[in-house]
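Participant:
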Amino acid sequence: MSQERLLQMVISVLITADFEVSDRCDIRPRSFDLVSKRGDLILIIKVVSHIDSVSEDVASDLSLIAWHLRGTPLIIGERTRDAELERGAVYLRNGINAMNVATLYDDLVEGIPPLVYASPGGLYVNIDGELVRSLRE
């Protein structure tokens, strides 16, 4: 999918989720593509096809901009260098959460937060050991 099509899909999801969405940032170098806001939640979003293409410098700028705006930096993409991003999974790139458009939709529109996180070696789920223990008893 083209970068422009991916960006349009992200904008569509944000509008469906009742976010106010900025115009696309066209200033180069560009550390973010969109800023969106719903209530107190502000998202500073970088849209890329490959999430591994976000350099440390861009991620640092994205985090700094988010900090100044009291927002959350987010990378939306389609794939890593070797695989498609999984629906419902969150990936970490240079300290910033990354996900695909379907996961963004599930979270913001359907209210289904991602439960899986990707880390070296595979996909993982955090389990509340105390809760599991108490349910067994």
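One rule links them: number in my numbering = place in the sequence shown (from 1) + 263.
Heads up, the beta-carbon is just placed ideally off N, CA and C, and yes, glycines get one too.
Computed from a predicted model, the values in this text were never measured in an experiment.
For L270, which residues from the same chain have a beta carbon less than 8 Å from its beta carbon, with the 5 sequence-adjacent residues on both sides left out?
Facilitator: The sequence position of residue 270 within the sequence shown is 7, counting from 1. For L270, where only same-chain residues beyond five positions count, the Cβ hits under 8 Å are R287, D296, L297, V310.
Participant: Does the Cβ of D289 lie closer than 7 Å to at least one heavy atom of the ligand HEM?
Facilitator: Of ligands this structure carries none, so the ligand HEM is not represented either.
Participant: Can you name, in chain order, every residue of its own chain whose Cβ lies under 7 Å from the Cβ of I308, other than the five neighbours on each side?
Facilitator: On the sequence shown, position 45 is the one that residue 308 refers to. The answer, listed in chain order, is V273, F295, D296, L297, S299, L337, I339.
Participant: Which value, in whole angstroms, describes the spacing of the CA atoms of L306 and T335?
Facilitator: Here residue 306 is taken as the residue at index 43 of the sequence shown, counted from 1. Here residue 335 is taken as the residue at index 72 of the sequence shown, counted from 1. Rounded to the nearest angstrom, the two C-alpha atoms are 5 Å apart.
Participant: How long is the line joining the alpha carbons of S312 and E341, rounded to whole angstroms?
Facilitator: Taking the sequence shown and counting its residues from 1, the one referred to as residue 312 is at position 49. Taking the sequence shown and counting its residues from 1, the one referred to as residue 341 is at position 78. If I take the Cα positions, the gap works out to 5 Å.
Participant: Can you name the start and end residues of the beta strand (DSSP E) that G385 belongs to?
Facilitator: Here residue 385 refers to the residue found at position 122 when the sequence shown is read from its first residue. 385 to 388 is the extent of the beta strand (DSSP E) around G385.
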